[in-house]
Amino acid sequence: MSGVQLRAEPQIPKEEAEAARERVDSVLRVIDEPPPGTVRLTLRRGEGSAPRWQYVADADVRVNGRVLAAHATGPSAVEAADRVAARLRRQLRRVVGTEVAQRNEPANIRTALESLLAEGSHRPEAGLKPPEAREIVHRIAYPDEPSSTLAAVADLIDHDHEFLIFRHARTGEDAVVYRRADGEIGLLHPPGSELADENDLVIPEPSRYTEPISLARAREEMDVLNHRFLYFIDEADGRGRVIYLRHDGDYGLVEPE
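Following the numbering used here, the numbering of the sequence shown begins with 2 at its first residue and continues without gaps.
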């Protein structure tokens with residue numbers, strides 16, 4: 002491991018930030034075969050978080066052309082760093098220690114998911130703004146390369162995401178895998194899709210909308226109900242999109258490349 006590159010908000014004392022960096026460095030060094038590259042660690046205070054989880058840590062590292070990422074919160078910067086290091090270490094061991102084909106095996110995915118659940122998510126709550134003050138401030142393009150459900154779930158776990166939208170290799174439809182409140186993985190798909198029978202490791206669920214809708218309508222529902230994210234098929238081009246509530250209270254949009 003080439004080390005840990007730290008970026009911390011000014012509100013976090015330098016001594017505490019350095020202690021967090023050293024903790025991440027020491028935790029990751031226990032890996033038998035550490036990958037090359039520098040781990041990037043970001044520490045910040047969580048806006049709108051419950052008092053117990055005021056500190057937010059994000060870490061990522063590039064391994065064999067892939068970026069692994071982890072996210073965690075805690076009552077102190079050091080404890081948030083401990084949690085993010087444990088999550089990143091689990092991902093590194095899974096990816097570095099197994100072939101890609103094994104990585105997508107249901108048994109290996111289930112083991113990784115159970116480990117993720119045991120660690121707990123501790124994600125910061127969103128800092129809600131009045132609907133009229135919210136803006137779409139971040140647009141992210143998802144790749145058009147087809148993927149299987151199992152590969153999408155593996156990416157969801159390895160990147161420590163709450164949701165992941167992808168084009169399904171089986172049907173060509175845009176679908177979403179996401180972490181449900183009960184700890185299971187859901188598969189959101191268009192109504193009437195053949196993906197309704199995909200029940201190996203995931204729970205298939207049709208979109209709440211029977212027809213494509215506009216981005217404006219999706220945003221209107223987010224303004225009222227404050228969903229963490231909303232998956233929909235856009236009537237403009239027939240492609241899937243996800244609008245989500247960012248931790249700063251604004252919106253992000255994930256759309257096709």
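For every residue, glycine included, the Cβ atom is placed at its ideal position computed from N, Cα and C.
Alpha-carbon to alpha-carbon, residue j and residue i
{"i": "residue 66", "j": "residue 144", "result": "15 Å"}
{"i": "residue 130", "j": "residue 251", "result": "7 Å"}
{"i": "residue 84", "j": "residue 216", "result": "36 Å"}
{"i": "residue 20", "j": "residue 88", "result": "18 Å"}
{"i": "residue 93", "j": "residue 64", "result": "8 Å"}
{"i": "residue 163", "j": "residue 24", "result": "25 Å"}
{"i": "residue 82", "j": "residue 211", "result": "43 Å"}
{"i": "residue 15", "j": "residue 4", "result": "18 Å"}
{"i": "residue 227", "j": "residue 147", "result": "30 Å"}
{"i": "residue 169", "j": "residue 186", "result": "16 Å"}
{"i": "residue 57", "j": "residue 222", "result": "28 Å"}
{"i": "residue 109", "j": "residue 86", "result": "20 Å"}
{"i": "residue 165", "j": "residue 184", "result": "16 Å"}
{"i": "residue 248", "j": "residue 197", "result": "32 Å"}
{"i": "residue 155", "j": "residue 238", "result": "28 Å"}
{"i": "residue 240", "j": "residue 253", "result": "17 Å"}
{"i": "residue 190", "j": "residue 157", "result": "16 Å"}
{"i": "residue 59", "j": "residue 29", "result": "14 Å"}
{"i": "residue 257", "j": "residue 26", "result": "36 Å"}
{"i": "residue 176", "j": "residue 132", "result": "27 Å"}
Outcome for residue i when other beta-carbon atoms lying within 10 angstroms are tallied against a minimum of 16
{"i": "residue 6", "result": "exposed"}
{"i": "residue 114", "result": "buried"}
{"i": "residue 192", "result": "exposed"}
{"i": "residue 208", "result": "buried"}
{"i": "residue 153", "result": "buried"}
{"i": "residue 68", "result": "exposed"}
{"i": "residue 225", "result": "exposed"}
{"i": "residue 141", "result": "exposed"}
{"i": "residue 229", "result": "exposed"}
{"i": "residue 22", "result": "buried"}
{"i": "residue 134", "result": "exposed"}
Spatial neighbours of residue i in its chain, beta-carbon cut-off 7 Å, leaving aside the 5 residues before and after
{"i": "residue 199", "result": "150, 188, 205"}
{"i": "residue 201", "result": "107"}
{"i": "residue 214", "result": "233, 236"}
{"i": "residue 161", "result": "70, 71, 72, 88"}
{"i": "residue 111", "result": "202"}
{"i": "residue 261", "result": "Residue numbering for the chain in the displayed model covers 2 to 258; residue 261 lies beyond these limits and cannot be assessed."}
Own chain partners of residue i with C-beta closer than 6 Å, once the 5 adjacent residues on each side are dropped
{"i": "residue 52", "result": "Bear in mind that a pLDDT of 47 at residue 52, under 50, signals an unreliable position, so the number given afterwards is only what the model happens to contain. Nothing listed; no residue qualifies."}
{"i": "residue 138", "result": "251"}
{"i": "residue 219", "result": "231, 233, 244"}
{"i": "residue 159", "result": "69, 92"}
Cut-off 8 Å between Cβ atoms - residues of its own chain near residue i, not counting five sequence neighbours on either side
{"i": "residue 195", "result": "171, 172"}
{"i": "residue 18", "result": "7, 9, 44, 78"}
{"i": "residue 100", "result": "With a pLDDT of only 47 at residue 100, under the threshold of 50, the placement of this residue in the model should not be trusted; the figure read from the coordinates follows. Here the set comprises nothing."}
{"i": "residue 136", "result": "251, 252"}
Residue i beta carbon near the ligand COA (any heavy atom closer than 7 Å)
{"i": "residue 239", "result": "Inclusion of the ligand COA in the displayed structure is not the case, the ligand content being empty and no account of it being possible."}
Below 8 Å, can you find three or more Cβ-Cβ pairs linking the region 3-16 to the region 38-46? yes
Below 8 Å, how does it come out for the region 244-251 and the region 176-193: are there three or more Cβ pairs, yes or no? no
Which complete beta strand (DSSP E) runs does the region 124-179 hold, if anything under 3 residues is left out? 137-143, 164-168
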